[in-house]
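>
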Amino acid sequence: MKVAKSIRIDDELFAKAKKHCNDNGLIFSAFIERSIMAQLEKEQKKSNRS
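Each residue of the sequence shown is one higher than the last, beginning at 43 in our numbering.
#1: Which of the three DSSP states, helix, strand or coil, is assigned to D52?
#2: With the cut-off set at 9 Å, would you say I74 and A57 are in Cβ contact?
#3: If we count the other Cβ atoms within 10 Å of its Cβ and call it buried at 16 or more, is M43 buried or exposed?
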């Protein structure tokens, strides 16, 4: 399985999430994990089409 070379997370979104989750590192890391998984799924769908 080929993994996306680079995963970009929207900086603004990242900053908002970080501020929002400042008190709770667990929620923050879960948010990042979800973002990365969503990005990987998008890449997967793209490569499946071609």
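Just so it is clear, CB atoms sit at the ideal spot from N, CA and C, and this is done for glycine as well. Model, not experiment: these values are computed from the prediction.
In brief:
#1: If DSSP states are grouped into helix, strand and coil, D52 belongs with coil.
#2: No, these two residues do not count as a Cβ contact at 9 Å.
#3: Any reading at M43 is ruled out, since the residue's pLDDT is 46, under 50, leaving its predicted position unreliable.
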